[in-house]
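Be aware that the sequence shown starts at 9, since it is given in my numbering, and climbs by one per residue. Worksheet: one structure, shown below.
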Amino acid sequence: VHLQLAMHSYEDSQDADGCDDVCGLLDDAMKTAPEFLWSCNNLAWELAANEQQSNRDGEKAVELATHACEQDGWHYHGLLDTLAAAHAEAGDFEQAVVFTEKAIEAAPPVNRFEYQQNLERYRNGQAWPTNDDLDVEEEA
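In C-alpha cells, the structure reads:
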C-alpha cells in the first residue's frame, strides 16, 4: 500500500507545475515509501539541475542522490548521473567527474554520449545551465 501511494505521488510529480509542487510530491513519495528510489533520485535531480537557480540546493541534492546510490549498491547509471549533477551544483567538480565516469562505465551504449557531454561540462567547471545562463547565450 505504501509503495502504491508513493508511486501515485511520483506519477503526479511528472505532471506538476513548478518546482515547489514537484518537490513536494516527490518528498511525500519519499516519506511514504523510502525504498522507492526514483522519488529520491528525481528530487535530487530537481535540486541539482532545475532551470531556476533559486530552486537549486546542491548540498541537499548530494545527500539525496548519495542515499539513492547507496540503496542501489552504486550500480545504476542514471542514479550515478544524478549524483554527478548534484556534486557539480555543490561546486565539487572533481566528484562530478568521478561519478560521471562511473555512470559511463555502467551505462548501455545509448546513454554514453549524453554522459560524455556531461563529463566535458564538469571538467570545464560548469554545472547544469539555468534559464539565466541560456538567456545570456542567446544574447551573445
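No residue lacks a Cβ here, since even glycine has one placed at the ideal position from N, Cα and C. Nothing here was measured: the structure is a model prediction, and the numbers come from that model.
Q.
Can you check which of these residues, Ala93, Pro117, Glu78, is closest to Val106 by C-alpha distance?
A. Ala93
Q. Between Pro42, Phe101, Asn63, which lies nearest to Gln79 when the distance is taken from Cα to Cα?
A. Pro42
Q. How about Ala52 and Ala73: are their beta carbons less than 8 Å apart?
A. yes
(Q) I need the straight-line Cα distance from Glu96 to Trp46, nearest angstrom please. (A) At residue 96 the sequence reads Ala, which differs from the Glu that was named. Going from the Cα of Ala96 to the Cα of Trp46 covers about 20 Å.
Q | Segments of 4+ residues assigned as alpha helix (DSSP H) that fall wholly inside the segment 99–136 | A | 101–114, 117–131
Q: Tell me whether Lys110 is buried or exposed, calling it buried when 16 or more other Cβ atoms sit within 10 Å of its Cβ.
A: buried
Q: Using the Cα positions of Glu67 and Asp100, report the straight-line distance between them to the nearest angstrom.
A: 10 Å
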